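Enquirer:
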Amino acid sequence: MVTLNGQTLTFSEVRRVLFDQERVSSSDESIRKVVASRKAVEKIVEEEKVVYGITTGFGKFSDVYIGKEDVEALQLNLIRSHACGMGEPFPEIVSRAMLLLRANALLKGFSGVRPVVIERLLDLVNAKIHPVIPQQGPLVRVGI
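Just so we're aligned, residue 25 is where the sequence shown starts under the numbering used here, counting upward by one.
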(Lines of atoms letter the chains of each structure in order from A and count residues from 1; the text may use other names and numbers.)
(Lines give C-alpha, C1' and ligand atoms only; values in the text may rest on other atoms or scores of the structure.)
Protein backbone atom coordinates (compact mmCIF):
# COMPACT_ATOMS: atom_id res chain seq x y z
CA MET A 1 0.00 0.00 0.00
CA VAL A 2 1.32 3.41 -0.99
CA THR A 3 0.22 6.11 1.46
CA LEU A 4 0.07 9.62 0.04
CA ASN A 5 0.73 12.70 2.15
CA GLY A 6 1.33 15.36 -0.47
CA GLN A 7 5.05 15.52 0.27
CA THR A 8 6.96 12.28 -0.14
CA LEU A 9 5.62 10.45 -3.21
CA THR A 10 8.51 8.84 -5.08
CA PHE A 11 8.86 7.76 -8.69
CA SER A 12 9.16 4.18 -7.45
CA GLU A 13 5.80 4.49 -5.65
CA VAL A 14 4.17 5.99 -8.74
CA ARG A 15 5.49 3.07 -10.79
CA ARG A 16 4.17 0.53 -8.27
CA VAL A 17 0.70 2.07 -8.33
CA LEU A 18 0.54 2.44 -12.10
CA PHE A 19 2.24 -0.74 -13.25
CA ASP A 20 2.00 -3.16 -10.33
CA GLN A 21 -1.53 -2.09 -9.34
CA GLU A 22 -0.46 -1.43 -5.76
CA ARG A 23 -3.30 0.20 -3.83
CA VAL A 24 -3.04 3.77 -2.62
CA SER A 25 -4.46 5.63 0.38
CA SER A 26 -4.09 9.00 2.07
CA SER A 27 -2.42 9.66 5.40
CA ASP A 28 -4.53 10.79 8.34
CA GLU A 29 -2.32 13.84 8.85
CA SER A 30 -2.75 14.98 5.25
CA ILE A 31 -6.53 14.61 5.51
CA ARG A 32 -6.45 16.79 8.64
CA LYS A 33 -4.68 19.47 6.58
CA VAL A 34 -7.28 19.16 3.83
CA VAL A 35 -10.12 19.51 6.36
CA ALA A 36 -8.48 22.61 7.88
CA SER A 37 -8.03 24.14 4.43
CA ARG A 38 -11.65 23.44 3.55
CA LYS A 39 -12.82 25.06 6.78
CA ALA A 40 -10.79 28.15 5.87
CA VAL A 41 -12.57 28.37 2.51
CA GLU A 42 -15.96 27.95 4.16
CA LYS A 43 -15.08 30.72 6.63
CA ILE A 44 -14.09 33.05 3.78
CA VAL A 45 -17.43 32.43 2.10
CA GLU A 46 -19.44 32.76 5.32
CA GLU A 47 -17.71 36.01 6.30
CA GLU A 48 -18.12 37.31 2.74
CA LYS A 49 -14.43 38.17 2.40
CA VAL A 50 -13.13 39.05 -1.05
CA VAL A 51 -10.69 36.33 -2.13
CA TYR A 52 -9.80 35.70 -5.77
CA GLY A 53 -11.44 32.59 -7.20
CA ILE A 54 -13.46 31.89 -4.07
CA THR A 55 -15.66 34.97 -3.83
CA THR A 56 -14.64 36.65 -7.08
CA GLY A 57 -14.80 35.77 -10.73
CA PHE A 58 -11.71 34.72 -12.68
CA GLY A 59 -9.42 36.54 -15.10
CA LYS A 60 -11.00 39.75 -16.35
CA PHE A 61 -13.87 39.13 -13.90
CA SER A 62 -11.57 39.07 -10.89
CA ASP A 63 -13.05 42.34 -9.67
CA VAL A 64 -16.60 40.92 -9.69
CA TYR A 65 -17.71 39.91 -6.21
CA ILE A 66 -19.60 36.62 -5.93
CA GLY A 67 -21.98 36.50 -2.97
CA LYS A 68 -22.18 33.38 -0.82
CA GLU A 69 -25.51 32.44 -2.43
CA ASP A 70 -23.70 32.16 -5.81
CA VAL A 71 -20.37 30.59 -4.80
CA GLU A 72 -21.56 27.06 -5.56
CA ALA A 73 -22.74 28.11 -9.03
CA LEU A 74 -19.38 29.82 -9.65
CA GLN A 75 -17.52 26.59 -8.94
CA LEU A 76 -19.92 24.51 -11.06
CA ASN A 77 -19.53 26.94 -13.94
CA LEU A 78 -15.75 26.75 -13.58
CA ILE A 79 -15.92 22.97 -13.98
CA ARG A 80 -18.26 23.30 -16.96
CA SER A 81 -15.96 25.79 -18.66
CA HIS A 82 -13.07 23.35 -18.36
CA ALA A 83 -15.01 20.21 -19.32
CA CYS A 84 -14.25 20.17 -23.00
CA GLY A 85 -11.41 18.99 -25.13
CA MET A 86 -10.49 17.41 -28.41
CA GLY A 87 -7.87 15.33 -30.07
CA GLU A 88 -6.57 11.91 -29.23
CA PRO A 89 -7.03 10.83 -25.62
CA PHE A 90 -4.03 10.38 -23.39
CA PRO A 91 -3.08 6.74 -22.85
CA GLU A 92 -4.72 5.00 -19.87
CA ILE A 93 -1.48 5.02 -17.87
CA VAL A 94 -1.17 8.80 -18.28
CA SER A 95 -4.77 9.36 -17.18
CA ARG A 96 -4.21 7.17 -14.12
CA ALA A 97 -0.99 9.04 -13.35
CA MET A 98 -2.90 12.35 -13.54
CA LEU A 99 -5.44 11.09 -10.99
CA LEU A 100 -2.69 9.90 -8.66
CA LEU A 101 -0.61 13.06 -8.93
CA ARG A 102 -3.62 15.36 -8.54
CA ALA A 103 -4.71 13.49 -5.39
CA ASN A 104 -1.18 13.76 -4.02
CA ALA A 105 -1.02 17.50 -4.76
CA LEU A 106 -4.42 18.11 -3.13
CA LEU A 107 -3.22 16.29 -0.01
CA LYS A 108 -0.81 19.16 0.65
CA GLY A 109 -3.87 20.91 2.07
CA PHE A 110 -3.61 24.19 0.18
CA SER A 111 -6.54 23.87 -2.23
CA GLY A 112 -9.62 24.06 -0.02
CA VAL A 113 -11.25 20.99 -1.57
CA ARG A 114 -13.52 18.70 0.38
CA PRO A 115 -11.80 15.47 1.49
CA VAL A 116 -14.33 13.45 -0.53
CA VAL A 117 -12.78 14.82 -3.74
CA ILE A 118 -9.47 13.17 -2.88
CA GLU A 119 -11.20 10.01 -1.67
CA ARG A 120 -12.96 9.64 -5.03
CA LEU A 121 -9.75 10.22 -7.00
CA LEU A 122 -8.05 7.47 -4.99
CA ASP A 123 -11.11 5.20 -5.37
CA LEU A 124 -10.76 5.57 -9.14
CA VAL A 125 -7.04 4.80 -9.05
CA ASN A 126 -7.60 1.74 -6.86
CA ALA A 127 -10.47 0.49 -9.04
CA LYS A 128 -8.36 1.02 -12.17
CA ILE A 129 -11.01 3.35 -13.57
CA HIS A 130 -9.72 6.34 -15.46
CA PRO A 131 -11.25 9.22 -17.37
CA VAL A 132 -10.80 9.70 -21.08
CA ILE A 133 -8.76 12.90 -21.22
CA PRO A 134 -8.34 14.58 -24.61
CA GLN A 135 -4.82 15.81 -25.30
CA GLN A 136 -6.09 19.28 -26.30
CA GLY A 137 -8.32 21.31 -24.02
CA PRO A 138 -9.39 24.80 -23.05
CA LEU A 139 -6.40 25.42 -20.78
CA VAL A 140 -2.72 25.76 -21.43
CA ARG A 141 -1.14 23.88 -18.52
CA VAL A 142 -3.16 25.87 -15.98
CA GLY A 143 -4.01 23.85 -12.90
CA ILE A 144 -2.20 20.75 -14.08
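Note that the Cβ used here is the ideal one computed from N, Cα and C, for glycine as well. Computed from a predicted structure; not experimentally measured.
Which two residues bound the contiguous beta strand (DSSP E) that contains Q159?
Expert: Translated into positions along the sequence shown, residue 159 becomes position 135. Residues 158-160.
Enquirer: So, with DSSP's three-state summary, where would you put V65?
Expert: Stepping through the sequence shown from its first residue, residue 65 is reached at position 41. If DSSP states are grouped into helix, strand and coil, V65 belongs with the helices.
Enquirer: Going by DSSP, name the residue or residues bridged to L22.
Expert: The structure shown has nothing for residue 22, since the chain only spans 25 to 168.
Enquirer: Whole beta strand (DSSP E) runs in the stretch 106-149 with 3 or more residues, listed along the chain?
Expert: Qualifying beta strand (DSSP E) stretches, in chain order: 110-113.
Enquirer: Could you tell me the alpha carbon to alpha carbon distance between L123 and I117, rounded to whole angstroms?
Expert: Along the sequence shown, read from residue 1 onward, the residue named residue 123 stands at position 99. Along the sequence shown, read from residue 1 onward, the residue named residue 117 stands at position 93. Going from the Cα of L123 to the Cα of I117 covers about 10 Å.
Enquirer: Determine the contact status of L33 and N128, defining contact as a CB-CB distance below 8 Å.
Expert: Against the sequence shown, residue 33 aligns to sequence position 9. Against the sequence shown, residue 128 aligns to sequence position 104. Yes. Within cutoff.
Enquirer: In whole angstroms, what separates the C-alpha of K67 from that of D94?
Expert: Position 43 of the sequence shown, counting from 1, holds the residue named residue 67. Position 70 of the sequence shown, counting from 1, holds the residue named residue 94. Rounded to whole angstroms, K67 and D94 show a C-alpha spacing of 15 Å.
Enquirer: Do Y76 and S86 have their C-beta atoms within less than 8 Å of each other?
Expert: Position 52 of the sequence shown holds residue 76. Position 62 of the sequence shown holds residue 86. Yes, the pair counts as a contact, with Cβ atoms nearer than the cut-off.
Enquirer: Taking the Cβ atom as the reference point for each residue, do H154 and S119 lie within a distance shorter than 8 Å?
Expert: Working through the sequence shown from its first residue, we reach residue 154 at position 130. Working through the sequence shown from its first residue, we reach residue 119 at position 95. Taking 8 Å as the Cβ cut-off, H154 and S119 qualify as a contacting pair.
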